[in-house]
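Working notes, beginning with the structure itself.
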Amino acid sequence: MDDFLPRALAGGFGVALAAGPLGTFVVWRRMAYFGDALAHSGLLGVALGALLGVNPQWGVTVICLVVALALALLQRQRRLATDTLLGLLAHTTLSLGLVGLAFLETVRIDLVGYLFGDILAISVVDLYWIWGGALLALATLTVLWRPLLAATVHEELARVEGVAVFPVQLAFMLLIAIVIAVAMKVVGILLITSLLIIPAAAARRFAHSPEGMAALASALGCAAIGIGLWASLRWDTPAGPSVVVAAAALFILGHAFPGSART
Amino acid sequence: MAAECLLRVENIGFAIRGHSILHEVSVQVAASEIVALIGPNGAGKSTLVRVALGLLAPDCGRVWRKPGLRIGYMPQRLSVDDTLPLTVQRFITLGSPASREQVQAVLAEVGADQVLNTPVQRISGGEMQRVLLARALLRKPDLLVLDEPIQGVDLNGQYDLYDLISGLRQRRGCGILMVSHELHLVMAATDQVLCLNRHVCCSGHPDHVARDPAYLALFGLDGARRLAVYHHHHNHRHDLHGAVVAGEVDT
């Protein structure tokens, strides 16, 4: 009965491992708001899952993927600025989710759990989801790494050099959607982006190569999970926010180091 | 003796929201040939380059590239986000995989081997232009497309860089399509100059242009860094928006 802690750690590590390399690209490509928008849409997925009577994780994953696809296609048309599009989709889907949940009178939904995460309640099924999603994301990102890096540095140059930029970027956006969908249980809708951004930003100071930064971001993310969980149990604080505070503390600590090279 | 044609752009039209950027523009580049595109800002030079590279689809006209053509492209501006730790060596091999020795050799060819291990954010504008050229050359291109290659380079560096580029044609036999708005530097090694102002104002061998009294007046005497205003006989004028207006011959 008391093995909730190992499950929480295993789930947290899975998410942090995948969030590290993906997060470095989110930082390099300045897509923080994109992550936020996908996370917001997750609540619509929760409502959808409840409505259809399936595991909400299915609803969340499908909605995140659909929103990511919609964003990629709408962005390509260049009718609206990207941040306008993101704001439109994020808040429409979030509100649709809340409205939808209000109709489901018979279903009790732990809204706070979805908003801020419920890492201590991670089940074995959740672990399958998290590790399945994380490993899929990491494996695909390994294949995409080189072309995605080239497209991140300069899109047109990459295209002339033969990179199929749009499919690569689309695949990357779908990977973020998957990781955000499975990470919801750990830190919740409102805090997911921090798990992508903060470890990557903290790693920057110490990294000399893109791969080094990605690996370090994973490691720092795992450390934040461990420290956050420990602090949460020690002082009885909410677990998800404690993890984010721990990540932020690592970021600040890293910047206090005087000797770290910045290349 | 006609060299093998690498790239042919025929009667291209391109408009953005009904606003014409290129109108009936044609250009071609053969192996070992240097073609320079000149014209004022907003003349559509970079747009034409993007169409030629296949990055933009023209509204009308035809773009033909030799099948299997390898292109080395040097974009106009490139800055790498400070959050991305990337050395010059890594940056160069993003275009095509290569060993450290190969990167070192191509950097030496462009005269920038001292920056091999420097972060790309820390090199000067002139070094960046050389690094971009090195990345293009590493692909062993049949055709080099250079969009304002001397931009941000000091005056002495500009002459060096042009010497380097004209040397490339001899050493590597590749065709070069180059955008510039500093005409006096383009002249020496160029085979063909194309004056662009949304349409082709004129084109021809630089000698023809260089003998023009107006050219000498503008560029020959003070040789200063001037924009490539049209310094040859025109059969039409442009208004402030670049549109063609009928009128007296401009000398």
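Each protein sequence line maps, in turn, to chains W and V.
Every letter in the first sequence is one number past the one before it in our numbering, and letter 15, counting from 1, is 15.
Positions in the second sequence are counted from 1; adding 1000 to them yields our numbering.
Glycine included, each C-beta is placed from N, C-alpha and C at the ideal position.
- [ ] Establish whether the CB of Glu105/W and some CB of chain V are separated by less than 8 Å.
- [x] no
Open item on the list: Considering just the uninterrupted stretch of the beta strand (DSSP E) at His1019/V, what are its terminal residues?
Closed with: 1019 to 1030
Open item on the list: As a quick exercise: from Gln1089/V, Ala1057/V, Leu1196/V, pick the residue whose alpha carbon is nearest that of Ile1016/V.
Closed with: Of all alpha-carbon atoms in Gln1089/V, Ala1057/V, Leu1196/V, the one lying nearest the alpha-carbon of Ile1016/V is that of Ala1057/V.
Task: Cα-Cα separation between Asn1014/V and Leu157/W, rounded to whole angstroms - done: Reading off the sequence shown, one finds Phe at residue 1014/V, where the question assumed Asn. About 21 Å.
TODO: Using 10 angstroms around the beta-carbon of His1019/V, count the other beta-carbons present and answer buried if the total reaches 16, otherwise exposed.
DONE: exposed
- [ ] Tell me whether the beta-carbon of Val1035/V lies closer than 8 Å to the beta-carbon of Val1027/V.
- [x] Their beta carbons are under 8 Å apart, which means Val1035/V touches Val1027/V by this criterion.
Open item on the list: Considering just the uninterrupted stretch of the beta strand (DSSP E) at Val1153/V, what are its terminal residues?
Closed with: From DSSP, Val1153/V is part of no beta strand (DSSP E); its letter is neither H nor E.
Open item on the list: Quick check: the Cα distance between Gly12/W and Pro1097/V, rounded to an integer number of angstroms?
Closed with: 36 Å
Task: 7 Å CB neighbourhood of Glu211/W in its chain, flanking five on each side removed - done: none
TODO: Keeping to the same chain, check which residues put their C-beta closer than 6 Å to that of Ile227/W; ignore five residues upstream and five downstream.
DONE: The answer, listed in chain order, is Ala246.
Task: For Thr1087/V, three-class secondary structure by DSSP - done: strand
- [ ] For Phe1091/V, decide whether its Cβ has a neighbour in chain W, counting only Cβ atoms nearer than 8 Å.
- [x] yes
Task: Rounded straight-line distance, which links the Cα of Arg204/W to that of Phe257/W - done: Looking at the two C-alpha atoms, the distance is approximately 13 Å.
TODO: Could you tell me which residues DSSP pairs with Tyr1073/V in its beta bridges?
DONE: Val1145/V
- [ ] Could you check what DSSP says for Leu174/W in three-state terms: helix, strand or coil?
- [x] The answer is helix: DSSP assigns Leu174/W an H, G or I state.
Open item on the list: Against chain V, which members of the segment 15 to 46 of chain W pass a CB distance test of less than 9 Å?
Closed with: Thr24, Val27, Trp28, Arg29, Arg30
Open item on the list: Does chain V have any CB closer than 8 Å to the CB of Ala214/W?
Closed with: no
Task: Runs of beta strand (DSSP E) lying entirely within the segment 32 to 103 of chain W, each at least 3 residues, in chain order - done: Listed in chain order, nothing qualifies, since the segment 32 to 103 of chain W has no complete beta strand (DSSP E) run of 3 or more residues.
TODO: Classify Leu1007/V as helix, strand or coil using the three-state DSSP reduction.
DONE: strand
Task: DSSP three-state assignment for Ser1079/V, whether helix, strand or coil - done: coil
Open item on the list: Counting only Cβ-Cβ distances shorter than 9 Å, please list the residues of the segment 204 to 230 of chain W near chain V, keeping chain order.
Closed with: Answer set for the segment 204 to 230 of chain W: Arg204, Ala207, His208, Ser209, Pro210, Gly212, Met213.
Task: Run of the alpha helix (DSSP H) containing Val1110/V, from where it starts to where it stops - done: It is not in any alpha helix (DSSP H) - Val1110/V carries neither H nor E in the DSSP assignment.
Task: C-beta atoms of Gly1072/V and Arg1169/V nearer than 8 Å - done: no
Task: Under 8 Å between C-beta atoms of Ile178/W and Ala219/W - done: No.
- [ ] Quickly, what does DSSP pair Ala1036/V with across the bridge? List them, please.
- [x] Met1178/V, Val1193/V
Task: Same chain, Cβ closer than 6 Å to Gly221/W, five either side skipped, listed in chain order - done: Counting only Cβ-Cβ distances below 6 Å, and skipping sequence neighbours, we find Ala16, Ala19, Gly20, Pro199.
TODO: Quick one: list the residues of chain W neighbouring Gly1173/V, beta-carbon separation under 7 Å, in chain order.
DONE: Result: empty, since nearest Cβ-Cβ is about 20 Å, beyond 7 Å.
Open item on the list: Helix, strand or coil for Phe257/W? Go by DSSP, reduced to three states.
Closed with: coil
Open item on the list: Please list, in chain order, the chain W residues whose beta carbon lies closer than 8 Å to that of Ala1123/V.
Closed with: Correcting the residue identity first, residue 1123/V is Ile in this sequence and not Ala. The premise fails here: Ile1123/V is roughly 12 Å from chain W at the closest Cβ pair, so nothing lies under 8 Å.
Task: Where Ala164/W sits in the DSSP three-state scheme - done: coil
Task: Cβ pair Ile1176/V, Leu1146/V closer than 8 Å - done: yes
Task: First through last residue of the beta strand (DSSP E) which encompasses Gly117/W - done: Segment: none, Gly117/W is in no beta strand (DSSP E) and carries neither H nor E.
- [ ] Compare the beta carbon distance of Val27/W and Ala231/W with 8 Å and say whether it is the shorter of the two.
- [x] no
TODO: Using a Cβ cut-off of 7 Å, pull out every chain V residue sitting near Arg159/W, in sequence order please.
DONE: Leu1055
TODO: Could you confirm whether any beta carbon from chain W is found closer than 8 Å to the beta carbon of Arg1008/V?
DONE: It does not: the Cβ of Arg1008/V has no partner Cβ on chain W nearer than 8 Å.
Task: Leu5/W versus Leu120/W - alpha carbon distance - done: 7 Å
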